[in-house]
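Protein sequences, first through last, are from chains A and B. Counting with the working numbering, you get residues 1 to 428 for the letters of the first sequence. Counting with the working numbering, you get residues 429 to 620 for the letters of the second sequence.
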Amino acid sequence: MRASKEPQTESDASRSTDQETPARREFLRRGAAAGGAAVLAGLAPEPRAAAATPQWMTRPGQPFSNYGLPSPHEKSVIRLIAANSAVSGNGLSWTPLQDLEGTLTPNGLHFERHHNGVPQIDPAGHRLYLHGLFERSLSFGIGDLLRYPMVSQQCFIECGGNSNSGWNEEPLQAPAGSLHGLASCSEWTGVPLTVILEECGLQPDAQWLIAEGADAAAMNISIPIGKARGDALLALYQNGERLRPENGYPLRLVLPGWEGVLSVKWLRRLQAATEPVMARNETAKYTELLPSGKARQFTFVIEAKSVITRPSPGQHLAGPGWYPISGLAWSGRGVIKRVEVSTDGGKTWIDANLQTPALPRCFTRFRLPWRWNGESCILLSRATDETGYVQPTRAALIAERGRHGYFHYNAIVSWEVSEDGSLSHVYA
Amino acid sequence: MSMPESAVPSAARPAERAARRGQQFACTALLGLLTAPAFPVAGPGLGQALSAAEVAAININVFPNGAGLPPGRGTVAAGQALYAARCEACHGVRGSGGSADELAGGEHGLRGNPPDKTIGTYWPYATTLFDYIRRSMPPSAPRSLSDDEVYALTAYLLSLNGIIDEGDALDAVSLARIRMPNRDGFIPVDAR
Numbered sequence: 001m002r003a004s005k006e007p008q009t010e011s012d013a014s015r016s017t018d019q020e021t022p023a024r025r026e027f028l029r030r031g032a033a034a035g036g037a038a039v040l041a042g043l044a045p046e047p048r049a050a051a052a053t054p055q056w057m058t059r060p061g062q063p064f065s066n067y068g069l070p071s072p073h074e075k076s077v078i079r080l081i082a083a084n085s086a087v088s089g090n091g092l093s094w095t096p097l098q099d100l101e102g103t104l105t106p107n108g109l110h111f112e113r114h115h116n117g118v119p120q121i122d123p124a125g126h127r128l129y130l131h132g133l134f135e136r137s138l139s140f141g142i143g144d145l146l147r148y149p150m151v152s153q154q155c156f157i158e159c160g161g162n163s164n165s166g167w168n169e170e171p172l173q174a175p176a177g178s179l180h181g182l183a184s185c186s187e188w189t190g191v192p193l194t195v196i197l198e199e200c201g202l203q204p205d206a207q208w209l210i211a212e213g214a215d216a217a218a219m220n221i222s223i224p225i226g227k228a229r230g231d232a233l234l235a236l237y238q239n240g241e242r243l244r245p246e247n248g249y250p251l252r253l254v255l256p257g258w259e260g261v262l263s264v265k266w267l268r269r270l271q272a273a274t275e276p277v278m279a280r281n282e283t284a285k286y287t288e289l290l291p292s293g294k295a296r297q298f299t300f301v302i303e304a305k306s307v308i309t310r311p312s313p314g315q316h317l318a319g320p321g322w323y324p325i326s327g328l329a330w331s332g333r334g335v336i337k338r339v340e341v342s343t344d345g346g347k348t349w350i351d352a353n354l355q356t357p358a359l360p361r362c363f364t365r366f367r368l369p370w371r372w373n374g375e376s377c378i379l380l381s382r383a384t385d386e387t388g389y390v391q392p393t394r395a396a397l398i399a400e401r402g403r404h405g406y407f408h409y410n411a412i413v414s415w416e417v418s419e420d421g422s423l424s425h426v427y428a
Numbered sequence: 429m430s431m432p433e434s435a436v437p438s439a440a441r442p443a444e445r446a447a448r449r450g451q452q453f454a455c456t457a458l459l460g461l462l463t464a465p466a467f468p469v470a471g472p473g474l475g476q477a478l479s480a481a482e483v484a485a486i487n488i489n490v491f492p493n494g495a496g497l498p499p500g501r502g503t504v505a506a507g508q509a510l511y512a513a514r515c516e517a518c519h520g521v522r523g524s525g526g527s528a529d530e531l532a533g534g535e536h537g538l539r540g541n542p543p544d545k546t547i548g549t550y551w552p553y554a555t556t557l558f559d560y561i562r563r564s565m566p567p568s569a570p571r572s573l574s575d576d577e578v579y580a581l582t583a584y585l586l587s588l589n590g591i592i593d594e595g596d597a598l599d600a601v602s603l604a605r606i607r608m609p610n611r612d613g614f615i616p617v618d619a620r
């Protein structure tokens with residue numbers, strides 16, 4: 001069965017009531033008649049058994065659990081790991097973006113980037129030390145910090161090296177999360193850093209804070225004082241529970257909108273100084289070499305980007321019919337104002353529906369129902385943030401930066417749908 | 429805030445300053461006086477004084493001007509022996525060809541394809557070597573090297589990159605004095 005050549009994309013329900021199209025009416029009619037799941041599986045619904053009482057209704061269920069785990073049927077939804085063969089604690093794991101929905105990342109699936117493993121810290125033996133250009137050098141125990149006024153803020157954290165396979169000559173074939181999943185979004189709760197800085201009394205010539213983690217790399221990095229006194233958070237909780245060890249337990253920095261290496265995990269020490277320390281991770285790494293031979297340094301802000309997570313490589317369309325296009329957009333500069341989707345390789349674009357509320361410096365979910373006609377096509381998404389910045393094409397990004405910057409790749413991502421319903425990563 | 433200054437409790441003044449800085453947390457102000465969202469800026473004051481000796485015991489940051497460099501000294505020759513024992517398995521003979529980062533021996537420079545980002549071609553400050561080796565190397569036993577050994581390894585890596593001579597030694601004064609070839613190779617983007 002061949003779908004018609006009618007419009008194949010359209011704005012989602014909440015914003016398209018004034019633009020009824022045949023495709024939209026058909027989507028709504030089919031949705032009402034058949035239920036969402038069947039619609040999303042294409043024109044041919046999933047095969048099923050005859051209606052009957054399932055066996056789990058005929059006997060008592062499992063007992064209560066002290067800490068819940070995902071269904072065993074979801075055991076494939078995991079972080080894939082890539083670590084150094086000689087130093088197993090130096091590597092990363094990706095959030096499986098292709099398997100998740102909504103905007104908040106489950107704590108056990110938040111991406112990881114560690115430089116020498118996850119320290120197993122006893123909070124009773126951990127303190128935060130502040131010294132340098134302060135009126136008072138002070139230290140704080142975790143129990144002390146838990147008594148300070150707290151705030152909560154949702155934000156994404158993205159590694160500056162996320163998506164860096166995009167610089168490759170050939171598109172890497174991997175799931176969306178394994179290409180773009182060094183980014184996750186959580187609600188973080190803790191003490192505003194500025195509260196602690198006020199208590200220590202910053203001296204007027206303090207321009208930088210040198211942060212250090214209590215891991216086996218003693219990872220250090222320099223943070224401008226403006227961000228430290230702004231929205232920087234001493235985070236103790238993630239999505240309502242205390243931080244997981246791999247996300248900095250018992251204390252981490254969170255610098256909303258800035259590349260992840262600055263949100264120092266296992267935070268132990270902050271030295272106020274007039275100059276940056278010029279640590280390895282702000283000179284040799286996390287700098288972007290340009291074709292001129294010069295390198296961009298202190299590129300803190302994550303620029304707007306987006307990726308379609310469904311459908312994406314590794315997934316399969318069962319046949320022509322209706323499918324949801326769903327993806328994530330985010331910008332370190334604030335709110336995502338618009339995400340456009342193209343199903344024809346960028347010739348035409350249509351606005352996707354943005355999940356509300358779209359929060360600043362957070363994952364923003366975009367969705368668009370799409371009727372696949374069974375022909376090969378290329379799916380793209382393009383984000384615009386509140387500053388008016390538009391996510392660039394790969395060609396434009398490379399024209400500006402060359403191919404050896406390694407960090408801060410945020411170009412438009414292209415997935416090709418083949419006639420057999422499989423998806424692959426292409427440069428389009 | 430239209431209240432006369434004298435009527436504002438002193439604790440509110442930093443809160444007003446925070447509000448004027450345009451901070452973006454939507455949070456519950458401690459003080460009902462505030463009309464704009466602002467951080468609660470007054471904590472319970474639980475910080476404990478840190479002595480100079482304690483700071484000295486934990487401060488391992490080394491700055492480009494040499495601040496933070498400890499006493500001690502190491503020669504290129506001593507560093508070469510240490511490198512063979514502690515570093516070469518991952519970083520390769522003479523700093524290249526290993527599983528870990530390329531430290532020396534670049535052939536393409538920064539404009540080649542691919543570029544060679546070695547210590548000699550890319551790192552803007554020699555002090556970074558001391559800071560990084562002391563805090564994190566080798567990964568199997570960080571903080572196991574003495575300060576003399578860190579000076580020696582720093583010296584060897586700089587000699588491999590042609591920055592100092594094979595007969596040289598380094599200490600706090602001579603290390604801080606080194607000017608790296610790519611010192612001016614960086615463009616600050618968001619630093620302010």
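The C-beta atom is built at its ideal place from N, Cα and C for all residues, glycine as well. Since this is a predicted model, take the numbers as computed values, not measurements.
Query raised in the report: Taking three-plus beta-carbon pairs below 8 Å as touching, is the segment 555 to 569 of chain B in contact with the segment 266 to 280 of chain A?
Result: yes
Name the DSSP bridge partner or partners of Trp-330 of chain A?
-> Counted from its first residue, the first sequence places residue 330 of chain A at position 330. Trp-330 of chain A is bridged to A:Lys-305.
For this session: Note down, in chain order, each residue of its chain lying with its Cβ closer than 6 Å to the Cβ of Val-504 of chain B, except the 5 sequence neighbours on either side.
Result: As a position in the second sequence, residue 504 of chain B is number 76, starting the count at 1. Counting only Cβ-Cβ distances below 6 Å, and skipping sequence neighbours, we find Ala-583, Tyr-584, Ser-587, Glu-594, Asp-596.
Report task. In angstroms with no decimal places, state the Cα-to-Cα distance between Pro-245 of chain A and Asp-215 of chain A. Result -> Here residue 245 of chain A is taken as the residue at index 245 of the first sequence, counted from 1. Here residue 215 of chain A is taken as the residue at index 215 of the first sequence, counted from 1. Distance between the alpha carbons of Pro-245 of chain A and Asp-215 of chain A is about 11 Å.
Limits of the unbroken alpha helix (DSSP H) element including Arg-539 of chain B
By one-based count along the second sequence, residue 539 of chain B stands at place 111. Element bounds for Arg-539 of chain B: n/a, residue is neither H nor E.
Open item on the list: Relative to the C-alpha of Gly-492 of chain B, which candidate in B:Arg-501, B:Arg-611, B:Pro-616 has its C-alpha closest?
Closed with: Position 64 of the second sequence holds residue 492 of chain B. Correcting the residue identity first, residue 492 of chain B is Pro in this sequence and not Gly. Closest by alpha carbon: B:Arg-611.
- Is there a Cβ from chain A that is less than 8 Å from the Cβ of Asn-589 of chain B? Here residue 589 of chain B refers to the residue found at position 161 of the second sequence. Asn-589 of chain B does not count as touching chain A.
Report task. Return the chain-ordered list of same chain residues with a C-beta closer than 8 Å to the C-beta of Ser-418 of chain A, the five sequence neighbours on each side being excluded. Result -> In the first sequence, the residue the question calls residue 418 of chain A occupies position 418. If we look at Ser-418 of chain A and ignore the five residues flanking it on each side, its Cβ neighbours are Ser-376, Ser-424.
| Cβ of Ser-306 of chain A within 8 Å of Cβ of Arg-382 of chain A? | To locate residue 306 of chain A, count along the first sequence from 1; it is residue 306. To locate residue 382 of chain A, count along the first sequence from 1; it is residue 382. Cβ distance < 8 Å, so Ser-306 of chain A and Arg-382 of chain A count as in contact.
Q) Taking Ala-330 of chain A as the reference, which of A:Ile-157, A:Arg-252, A:Leu-234, A:Val-264 has the closest Cα? A) Walking along the first sequence from the start, residue 330 of chain A turns up at place 330. It is Trp, not Ala, that sits at residue 330 of chain A in the sequence shown. Comparing Cα positions, the closest option is A:Ile-157.
* To do: Note down the Cα distance separating Lys-545 of chain B from Pro-291 of chain A, rounded to an integer number of angstroms.
  => If you number the second sequence from 1, residue 545 of chain B lands on position 117. If you number the first sequence from 1, residue 291 of chain A lands on position 291. Cα to Cα, Lys-545 of chain B sits roughly 13 Å from Pro-291 of chain A.
**Report entry** Partners in chain A for Arg-539 of chain B, counting only beta-carbon separations shorter than 8 Å
**Finding:** By one-based count along the second sequence, residue 539 of chain B stands at place 111. Near Arg-539 of chain B (Cβ distances below 8 Å), the residues of chain A are Pro-291, Ser-292, Gly-293.
Suppose you measure from the CA of Ala-352 of chain A to the CA of Val-426 of chain A; what does that come to, to the nearest Å? Along the first sequence, read from residue 1 onward, the residue named residue 352 of chain A stands at position 352. Along the first sequence, read from residue 1 onward, the residue named residue 426 of chain A stands at position 426. Rounded to whole angstroms, Ala-352 of chain A to Val-426 of chain A spans 21 Å at the Cα level.
Boundaries of the alpha helix (DSSP H) in which Phe-558 of chain B is found, first to last residue: As a first step, residue 558 of chain B must be located in the second sequence, where it is residue number 130. Phe-558 of chain B -> alpha helix (DSSP H) spans 555 to 564.
On the CB-based measure, 16 or more other CB atoms within 10 Å of its CB, does Phe-300 of chain A come out buried or exposed? If you number the first sequence from 1, residue 300 of chain A lands on position 300. Phe-300 of chain A comes out buried.
Is Pro-224 of chain A closer than 8 Å to Val-195 of chain A when the C-beta atoms are compared?
Taking the first residue of the first sequence as position 1, residue 195 of chain A is located at position 195. Taking the first residue of the first sequence as position 1, residue 224 of chain A is located at position 224. Contact flag unset, no.
Requested in this report: Have a look at the DSSP bridge pairing and note the partners of Cys-377 of chain A.
Outcome: By 1-based counting over the first sequence, the position of residue 377 of chain A is 377. Cys-377 of chain A pairs with A:Val-417.
Does the CB of Ile-210 of chain A have a neighbour CB from chain B at under 8 Å? Along the first sequence, one-based indexing puts residue 210 of chain A at 210. By this cut-off, Ile-210 of chain A is an interface position.
Which residue or residues does DSSP assign as beta-bridge partners of Gln-207 of chain A?
-> Here the question's residue 207 of chain A lines up with position 207 in the first sequence. Answer is none; Gln-207 of chain A lacks a bridge partner.
**Request:** Rounded to whole angstroms, what's the CA-CA distance from Thr-348 of chain A to Gly-319 of chain A? Just pull it up for me.
**Result:** Start at 1 with the first residue of the first sequence, and residue 348 of chain A comes out as number 348. Start at 1 with the first residue of the first sequence, and residue 319 of chain A comes out as number 319. Answer to the nearest angstrom: the Cα atoms are 23 Å apart.
Taking the alpha-carbon of Arg-539 of chain B as reference, which of A:His-404, A:Ser-422, A:Val-390 has the nearest alpha-carbon?
Along the second sequence, read from residue 1 onward, the residue named residue 539 of chain B stands at position 111. For Arg-539 of chain B, the nearest C-alpha among the options comes from A:His-404.
**Item:** chain B contact residues for Arg-371 of chain A, given Cβ-Cβ distances below 8 Å
**Value:** What you label residue 371 of chain A is simply residue 371 of the first sequence in a count that begins at 1. By Cβ distance, chain B contributes nothing, its closest Cβ being about 40 Å from Arg-371 of chain A, past 8 Å.
Among A:Ser-342, A:Thr-387, A:Asn-247, A:Leu-354, which one has its Cα closest to the Cα of Glu-416 of chain A? Position 416 of the first sequence, counting from 1, holds the residue named residue 416 of chain A. With distances taken between Cα atoms, Glu-416 of chain A lies closest to A:Ser-342.
Would you say Gly-523 of chain B faces chain A, with C-beta separation under 8 Å as the test? As a working note, residue 523 of chain B is residue 95 in the second sequence. Not closer than 8 Å to any Cβ of chain A, the Cβ of Gly-523 of chain B fails to qualify, so no.
| query | Going along the chain, which residues of the segment 142 to 157 of chain A sit with their C-beta nearer than 7 Å to a C-beta in chain B? | reply | Asp-144, Arg-147, Tyr-148, Pro-149, Val-151, Gln-153
Would you call the segment 171 to 183 of chain A in contact with the segment 261 to 276 of chain A, where contact means no fewer than 3 C-beta pairs closer than 8 Å?
no
**Study point:** Minimum C-alpha distance to Arg-268 of chain A - residue among A:Phe-298, A:Asn-220, A:Ala-304, A:Ser-312
**Key:** As a position in the first sequence, residue 268 of chain A is number 268, starting the count at 1. The residue with the shortest Cα to Cα distance from Arg-268 of chain A is A:Asn-220.
Same chain, Cβ closer than 6 Å to Gln-207 of chain A, neighbours up to 5 away in sequence not counted: Residue mapping note: residue 207 of chain A aligns to position 207 of the first sequence, counting from 1. Closer than 6 Å at the Cβ level, and outside the excluded window around Gln-207 of chain A, lie Ile-225, Thr-274.
- Let me know the beta strand (DSSP E) ranges lying completely inside the segment 113 to 137 of chain A, each 3 residues or longer, listed in chain order. 127 to 132
* To do: Within 10 angstroms of the Cβ of Arg-442 of chain A, are there 16 or more other Cβ atoms? Answer buried if so, exposed if not.
  => The first residue shown for chain A is 1 and the last is 428, placing residue 442 of chain A beyond what the model contains.
Local conformation of Asn-164 of chain A per DSSP, three classes:
In the first sequence, residue 164 of chain A corresponds to position 164, counting from 1. Asn-164 of chain A: helix per DSSP, three-state reduction.
| field | Beta-carbon proximity list for Glu-170 of chain A, same chain, < 6 Å, skipping 5 on both sides | value | Mapped onto the first sequence, residue 170 of chain A falls at position 170. Same-chain partners within the cutoff: there are none.
For this session: Could you tell me which uninterrupted alpha helix (DSSP H) segments, each at least 4 residues in length, are contained entirely in the segment 377 to 404 of chain A, listed from first to last along the chain?
Result: 394 to 401
| said: Helix, strand or coil, according to DSSP, for Glu-242 of chain A in the structure here? | reply: Residue mapping note: residue 242 of chain A aligns to position 242 of the first sequence, counting from 1. In the sequence under discussion, the amino acid at residue 242 of chain A is Arg, which differs from the Glu named in the question. Strand at Arg-242 of chain A.
**Study point:** Cβ shell of Leu-193 of chain A (< 6 Å), same chain only, five flanking positions each side left out
**Key:** Here residue 193 of chain A corresponds to residue number 193 of the first sequence, with the count starting at 1. Counting only Cβ-Cβ distances below 6 Å, and skipping sequence neighbours, we find Ala-228, Ala-232, Leu-234.
Exercise. Could one say the Cβ of Leu-462 of chain B lies closer than 8 Å to chain A's Cβ atoms, at least one of them?
Worked result: Numbered from 1 along the second sequence, position 34 holds the residue referred to as residue 462 of chain B. For Leu-462 of chain B, the predicted structure reports a pLDDT of 42, less than 50, and the residue's modelled location is therefore unreliable. The matter cannot be settled from this model.
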